[in-house]
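One structure is given here, and the rest of the page talks about it.
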Amino acid sequence: MVEYRIDRRSGVATYLQIVQQTKQALRLGLLEPGDRLPTAKEVVAATAINPNTVLKAYRELEREGLVEPRPGLGTFVRRSLARPGAAADSPLRAELADWTDRARAAGLDREDVTALVASVLEERFGKTAAPGERGHEENG
1 MVEYRIDRRS
11 GVATYLQIVQ
21 QTKQALRLGL
31 LEPGDRLPTA
41 KEVVAATAIN
51 PNTVLKAYRE
61 LEREGLVEPR
71 PGLGTFVRRS
81 LARPGAAADS
91 PLRAELADWT
101 DRARAAGLDR
111 EDVTALVASV
121 LEERFGKTAA
131 PGERGHEENG
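Under the UniProt record's numbering, the sequence shown has 59 at position 59, and the numbering climbs by one with no breaks.
Structure, rendered in structure tokens:
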């Protein structure tokens, strides 16, 4: 089950944080088709946010075809976003964790690492690439 962490200082709307964290769990294989999302009541108890915010996030996920409500039962995952190599237990994730440890040992903080990763992602995938698409690469 996914546990939502809300950062009220992020500047990102709370419902979008829930949407993004759910998609991340789907990409990492932490949520799979058939899994039940936490109820609005459970999310409210854990995060102290408005239940309507949770419902708004779940409606957005439903609109995107990722989840489906089942009256009286809850909201369930419809499809996964996981790809081979992106799972939470993949070798690539382990390499990234090792790299992050080296970055911290070199004195970089979270913001430094985020900026560094963002710059490499823009370089390798392009600024206009949609999630899951390859960016514009230069030839020659």
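Every residue gets a Cβ at the ideal spot worked out from N, C-alpha and C, and that includes glycine.
At least 3 beta-carbon pairs within less than 8 Å: the stretch 10-19 vs the stretch 51-67: Yes, since at least three Cβ pairs between the stretch 10-19 and the stretch 51-67 fall closer than 8 Å, the two stretches touch.
Buried/exposed call for P38, threshold 16 Cβ in 10 Å: buried
Where P69 falls: helix, strand or coil (DSSP): strand
E32 vs V77 beta-carbon contact at 9 Å: yes
Extent of the continuous beta strand (DSSP E) run through V77: G74 to V77
Neighbourhood of D7 by C-beta distance below 6 Å, restricted to the same chain and skipping five residues each side: Excluding its 5 nearest sequence neighbours in each direction, D7 has no C-beta neighbour in its own chain below 6 Å.
Per-residue burial, V120 [other beta carbons within 10 Å of its own, 16 or more giving buried]: exposed
Separation of R110 from A97, as counted between CA atoms: A97 and R110: Cα-Cα distance of roughly 13 Å.
Beta-carbon proximity of R104 to V117, cut-off 9 Å: no
Contact set for L108: own chain, Cβ-Cβ below 8 Å, skip 5 residues either direction: L116
Counterpart residues of R36 in DSSP-defined beta bridges: F76
Three-way DSSP call (helix, strand, coil) for N52 in this model: helix
Neighbour-count burial assignment, D48, 16 or more Cβ in a 10 Å radius: The question names Asp, but residue 48 in the sequence shown is Ala. It is exposed - the Cβ of A48 has fewer than 16 other Cβ atoms within 10 Å.
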